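Encoded as structure tokens, the structure appears first; notes follow it.
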Amino acid sequence: MTKLFTTLLIAFGTTLFAQDQVAKDVLDRLSSTTKSYKNMTVDFDFIFENKNQNINEKQKGILVLQEEMFRLEMEDQIIINDGESQWIYLADMNEVQIMEHDPEEQIMSPNKLFTIYEEGYKYNYVGAEAEKGKRLQIIDLFPEESGAFMKITLAVDAAKNQLHKITMHDKNGGTYAYLVTNFKSNTAIAPFIFNTVDYPGVEAIDLR
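Quick note on our numbering: the sequence shown kicks off at 28 and runs consecutively.
The following block contains the structure:
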């Protein structure tokens, strides 16, 4: 009986190790592919759900990334970061706030979404799923230190080694999902700067 129990423990441990290795291989390929792009333009659906509070909200967005710079456009706001300054434009107030870029306060900033798995997380390979002709590899990330999110789930397009969906689970039962609907790389993109002349009457609040 003891020998059988030991054998089962070894088999279970071997399976977990194999799953961890699969997850690492998927993440390594994803990281390598992502870093090979000069820039990325991502159209996405953002879905926020909290069943406990009967919340289900959805909106579309566009994210442009190049190195540490990014431009995030959503229905009610625009965030632009050129690596030194950050502009946050609020459409309903026609107001833009300007502040210095602070990497220490940008842990969950848009440009981290595609590389969030690279440090500070343990990973677990969940399995593969089929969705609209795509083979997706599902990986759960668990933070090594307590933070805003208790789990992050990645769905990676196995054929393209690209992120298809990222879902962040908070401690209050809320989920924040970003579903990639269109992806382009290495294209001509606009400068990462907020031009006030494009927004007549905008109030600029400089916090630098």
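All C-beta atoms in this analysis are idealised placements derived from N, C-alpha and C, irrespective of residue type, glycine included. Given the structure is predicted, the values throughout are model-derived calculations rather than measurements.
Assigned exposure category for residue i - 16 Cβ within 10 Å defines buried
i	result
residue 179	buried
residue 177	exposed
residue 235	exposed
residue 108	buried
residue 175	exposed
residue 193	buried
residue 182	buried
residue 96	buried
residue 221	buried
residue 184	buried
residue 120	exposed
residue 33	Annotation note: pLDDT 47 at residue 33 (below 50); position unreliable, coordinate value reported separately. Its Cβ having fewer than 16 others within 10 Å, residue 33 is exposed.
residue 43	Confidence is the limiting factor: at residue 43 the pLDDT is only 45, short of 50, which leaves the residue's position unreliable and the question unanswerable from this model.
Whole-angstrom C-beta distance between residue j and residue i, which should lie under 8 Å
i	j	result
residue 212	residue 67	5 Å
residue 223	residue 215	Their Cβ separation, rounded to whole angstroms, is 23 Å, which puts residue 223 and residue 215 out of contact at 8 Å.
residue 163	residue 171	So it is not a contact: roughly 25 Å between Cβ atoms.
residue 165	residue 154	6 Å
residue 92	residue 71	Contact doesn't hold; Cβ gap of about 12 Å is too wide.
residue 69	residue 219	Residue 69 to residue 219, Cβ: 15 Å. No contact.
residue 225	residue 125	The Cβ separation is near 15 Å, so there is no contact.
residue 159	residue 191	Going by Cβ atoms, the distance from residue 159 to residue 191 rounds to 10 Å, so no, they are not a contact pair.
Spatially closest choice to residue i from the options, by CA coordinates
i	options	result
residue 94	193, 104, 111	111
residue 189	219, 140, 221, 230	140
residue 207	52, 53, 130, 73	73
residue 51	146, 127, 101, 79	146
residue 242	129, 137, 77	Nothing in the structure corresponds to residue 242, since the chain is present only between 28 and 235.
residue 80	199, 127, 229	199
residue 168	77, 196, 87	196
residue 229	123, 105, 88, 99	123
residue 75	87, 127, 128	87
residue 186	53, 49, 48	53
residue 217	104, 77, 127, 98	98
Any non-hydrogen atom of the ligand NAD closer than 8 Å to residue i Cβ
i	result
residue 88	For the ligand NAD, the structure offers nothing, since it holds no ligand at all.
Cutoff 9 Å: residue i Cβ touching any chain B Cβ
i	result
residue 110	Within the model displayed, chain B is absent; a lone protein chain is all it includes.
Exercise. Taking contact to mean at least 3 C-beta pairs separated by less than 8 Å, is the segment 58-66 in contact with the segment 191-204?
Worked result: In short, these stretches do not touch, since the Cβ pair count stays below three.
Exercise. Going along the chain, which unbroken runs of the beta strand (DSSP E) with 3 or more residues stay wholly within the segment 80-142?
Worked result: Uninterrupted beta strand (DSSP E) stretches at least 3 residues long and entirely within the segment 80-142 occur at 82-93, 96-101, 104-108, 112-117, 122-127, given in chain order.
Exercise. Which full runs of the alpha helix (DSSP H) of 4+ residues lie inside the segment 163-194, going along the chain?
Worked result: If we require 4 residues or more, the segment 163-194 turns out to have no alpha helix (DSSP H) run fully inside it.
Exercise. Does the segment 148-163 come close enough to the segment 112-121 that 3 or more CB-CB pairs lie under 8 Å?
Worked result: No, they do not touch.
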